[in-house]
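Protein chains: 2
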Amino acid sequence: MAVYTISQVAEKYHMRPSTLRYYEDLGLLYNVPRQGGHRVYTDALLNRLGAICCYKNAGMSLEELQEFFHYTESQEDVAKTVALLDEVDTRIQHQIAELQANYLQIQRKKHYFAAIQTALAQGQPKPDWADFCNQQYV
Amino acid sequence: MAVYTISQVAEKYHMRPSTLRYYEDLGLLYNVPRQGGHRVYTDALLNRLGAICCYKNAGMSLEELQEFFHYTESQEDVAKTVALLDEVDTRIQHQIAELQANYLQIQRKKHYFAAIQTALAQGQPKPDWADFCNQQYV
DNA sequence: ATAACGCTTCAAGCTAACTTGAAGTCAAGG
DNA sequence: CCTTGACTTCAAGTTAGCTTGAAGCGTTAT
Numbered sequence: 001m002a003v004y005t006i007s008q009v010a011e012k013y014h015m016r017p018s019t020l021r022y023y024e025d026l027g028l029l030y031n032v033p034r035q036g037g038h039r040v041y042t043d044a045l046l047n048r049l050g051a052i053c054c055y056k057n058a059g060m061s062l063e064e065l066q067e068f069f070h071y072t073e074s075q076e077d078v079a080k081t082v083a084l085l086d087e088v089d090t091r092i093q094h095q096i097a098e099l100q101a102n103y104l105q106i107q108r109k110k111h112y113f114a115a116i117q118t119a120l121a122q123g124q125p126k127p128d129w130a131d132f133c134n135q136q137y138v
Numbered sequence: 001m002a003v004y005t006i007s008q009v010a011e012k013y014h015m016r017p018s019t020l021r022y023y024e025d026l027g028l029l030y031n032v033p034r035q036g037g038h039r040v041y042t043d044a045l046l047n048r049l050g051a052i053c054c055y056k057n058a059g060m061s062l063e064e065l066q067e068f069f070h071y072t073e074s075q076e077d078v079a080k081t082v083a084l085l086d087e088v089d090t091r092i093q094h095q096i097a098e099l100q101a102n103y104l105q106i107q108r109k110k111h112y113f114a115a116i117q118t119a120l121a122q123g124q125p126k127p128d129w130a131d132f133c134n135q136q137y138v
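Chains G and A are the protein sequences, given in the same order. Going by UniProt numbering, the residue at position 51 of the first sequence is 51; the numbering climbs one at a time, nothing skipped. Going by UniProt numbering, the residue at position 49 of the second sequence is 49; the numbering climbs one at a time, nothing skipped.
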């Protein structure tokens, strides 16, 4: 069971060492062992950090994460934990749906500008956006 | 062709009037006509605002949007516009993939905590997270 | 005509989430 | 022994993206 230095963890999770210290200040990571005064991260801590990143990515604030971990740690109020997870669940589904709609829109724009590029290169008149989709604004 | 007041637009797009004024200050929305000193939003402006929300949602900063619109308006550097759109494209794809992975993780957690809840209600021992998936941390 | 209401501008203020700086500690290498 | 380099703490600073406050204007209702 390997352990990691703060900068190794930071690199692995694409964040700065200062961010890890900050999360520790907030109580999101705790009981981080030290060796010669230096933080040492265990697999359990890495897993927890992975969870933090997951929730954060789903749109939870660090404050909500504090609340969440408070519930799960205290082993009281499992119902609240489940409710919070449900909240994250619907939030993430909405996000995915919205992003997919946005993705289609971006595709249309890309094709439109690519067509403009081609037309310019061939000295032809620029295509009209309305030809690509019904009066969508650039 | 209908026009809207600032508060109507704000409501329609789930933002505050102050945000619309702020975007105008940044130059993202411009040439907004006035009637008796009050802003009046046309369909073209609403479409533009829709585009702004789309790009923003895709993870572009307002600064990048300024750059983007600078290119598209000036009609120079279509290549840069296409490059920026490509950037947004890959960004949005990564986001969707990551969110979907996160979604699965959240589902596992939900089932785990729901099982705990059931077990508690029936006075049974709590299930172990390891039974649900391989040693993933809560 | 006078009050209410929804807007206007402009500058200043706010919040979340980090990031940076100063001053100091620890273990390893020369 | 002394230096180097990666860490430590703690307080203060930064950034993006708004939001608020103060003072004032223009149209409508009483």
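For every residue, glycine included, the Cβ atom is placed at its ideal position computed from N, Cα and C.
**Asked** Among all the DSSP beta bridges, which residues are the ones paired with Gln35/G?
**Response** His38/G
State the CB to CB distance for the pair Leu46/G and Val9/G, rounded to an integer number of angstroms; the pair is presumed to be in contact (CB under 8 Å). 7 Å
Between Lys109/G and chain A, is there a C-beta pair that is closer than 9 Å? yes
Q: Kindly say whether Leu28/G, judged by its beta-carbon, lies nearer than 9 Å to any beta-carbon of chain A.
A: no
query = Leaving out the 5 sequence neighbours to the left and right, which residues in its chain are closer than 6 Å to Ala115/A when beta-carbon positions are compared?
reply = Pro127
Check Ser18/A in the structure and name its three-state DSSP category. helix
Item to complete: Specify the secondary structure class of Tyr4/G as computed by DSSP and reduced to three states.
Response: Correct three-state label for Tyr4/G: strand.
Do Leu85/A and Ile106/G count as a contact pair if the criterion is CB distance below 9 Å?
In this structure, Leu85/A lies closer than 9 Å to Ile106/G by Cβ.
Quick check on the DSSP output: the alpha helix (DSSP H) that includes Ser74/G runs from which residue to which? Leu62 to Ser74
Self-check item: Exposed unless 16 or more other CB atoms sit within 10 angstroms - verdict on Leu104/A
Solution: exposed
When you check each C-beta in the stretch 59-87 of chain A against every C-beta of chain G, which residues fall closer than 8 Å? Thr72, Val78, Ala79, Thr81, Val82, Leu85 and Asp86
ask   = Should Thr90/A be labelled buried (16 or more other beta-carbon atoms within 10 Å of its own) or exposed?
value = exposed
Counting only the same chain and skipping the five closest in sequence on each side, list residues whose C-beta sits under 8 Å from that of Met1/G. Thr42 and Asp43
Provide the residue span of the alpha helix (DSSP H) that contains Gly50/G, from first to last. Asp43 to Asn57
task: Compare the Cα-Cα distances from Leu120/A to each of Ala58/G, Asn102/G, Asp77/G and Gln117/G and report the closest residue.
output: Asp77/G
Exposed or buried, which one is Tyr30/G when buried takes at least 16 other CB atoms within 10 Å? exposed
For this session: Decide if Ala101/G is buried, meaning its Cβ has at least 16 other Cβ atoms within 10 Å, or exposed.
Result: exposed
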